[in-house]
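S.K.: Pasting a structure here, questions to come.
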Amino acid sequence: MYFVIGSDGSEYGPASIQQLQAWVTENRVTPLTMLKDANTGERTKAGSLMELFPSNPVFAPDSGPAKQDPYEANPYGQNYQNPYAATPVKMQDESFPWGSIIRSVAAVAVFFLLQGLGFIFGIYALVTAIQCQLSGNKYGPLAIIVAVIALGVVALGWFMRSQGAPV
């Protein structure tokens, strides 16, 4: 597991070798990208890892400490600029969006107790779910589906109540 050191000096990760290999194919990690070992804290250039760049003779594991010159031994040429250098690597949030789910359930419960406030809770749940999705949470779509279903139930209850049905 490695942390990716962004061009802004921030650390992103940790990421597995498999994730780093995917980023190499997307050109988000280049041989000059700095990595920090999650276990030892040792910093190294990504080009020194044979798992990421097996046919890169420019970087050897014992090539000494990494220097800050971004064009030093650049295999892509002096004028190469990584299009993702200014873009931090965003790790996917894997926490379950309990806040959005609880607000969705509360929307339905509050509707039956306090009527119109159910819509407010439902809209708040949907906004929270959308924020969860935009932050990269892998459960974001599920939170949006639950929030939309809750709003649908509240809307159906409101419609039935307006038609005179006992709800």
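The sequence shown finishes on residue 625 if you use my numbering, and the numbering steps up by one all the way, no holes.
Note that beta-carbon positions come from the ideal geometry of N, C-alpha and C, so glycine has one too.
1) Which partner residues of D495 appear in the DSSP bridge assignment?
2) Taking just the CA atoms, how far does A587 sit from S521?
3) Measuring only the C-alpha atoms, how far is L609 from R486?
4) How should G505 be labelled, buried or exposed, when 16 other C-beta atoms within 10 angstroms of its C-beta is the threshold for buried?
5) So the alpha helix (DSSP H) G580 belongs to, where does it begin and stop?
6) Taking the beta strand (DSSP E) that A473 belongs to, which residues open and close that run?
7) Please classify A567 as buried or exposed, where buried requires at least 16 other C-beta atoms within 10 Å of its C-beta.
8) Measuring only the C-alpha atoms, how far is W616 from F579?
M.R.: To lay it out plainly:
1) Sequence index remark: in the sequence shown, residue 495 carries index 37 (1-based). Paired residues: Y460.
2) Along the sequence shown, one-based indexing puts residue 521 at 63. Along the sequence shown, one-based indexing puts residue 587 at 129. Annotation note: pLDDT 47 at S521 (below 50); position unreliable, no value reported.
3) As a first step, residue 609 must be located in the sequence shown, where it is residue number 151. As a first step, residue 486 must be located in the sequence shown, where it is residue number 28. When rounded, the distance between both Cα atoms is 39 Å.
4) Numbered from 1 along the sequence shown, position 47 holds the residue referred to as residue 505. Taking a 10 Å sphere around the C-beta of G505, we find 16 or more other C-beta atoms and assign the residue as buried.
5) Here residue 580 refers to the residue found at position 122 when the sequence shown is read from its first residue. 575-592 is the span of the alpha helix (DSSP H), which, as asked, contains G580.
6) Reading the sequence shown from its first residue, position 15 is the one you call residue 473. Looking at the DSSP string, the run of the beta strand (DSSP E) that includes A473 is 469-473.
7) Translated into the one-based positions of the sequence shown, residue 567 becomes position 109. By the neighbour-count rule (16 or more Cβ atoms within 10 Å), A567 is not buried but exposed.
8) Stepping through the sequence shown from its first residue, residue 616 is reached at position 158. Stepping through the sequence shown from its first residue, residue 579 is reached at position 121. Going by the C-alpha atoms only, they are around 14 Å apart.
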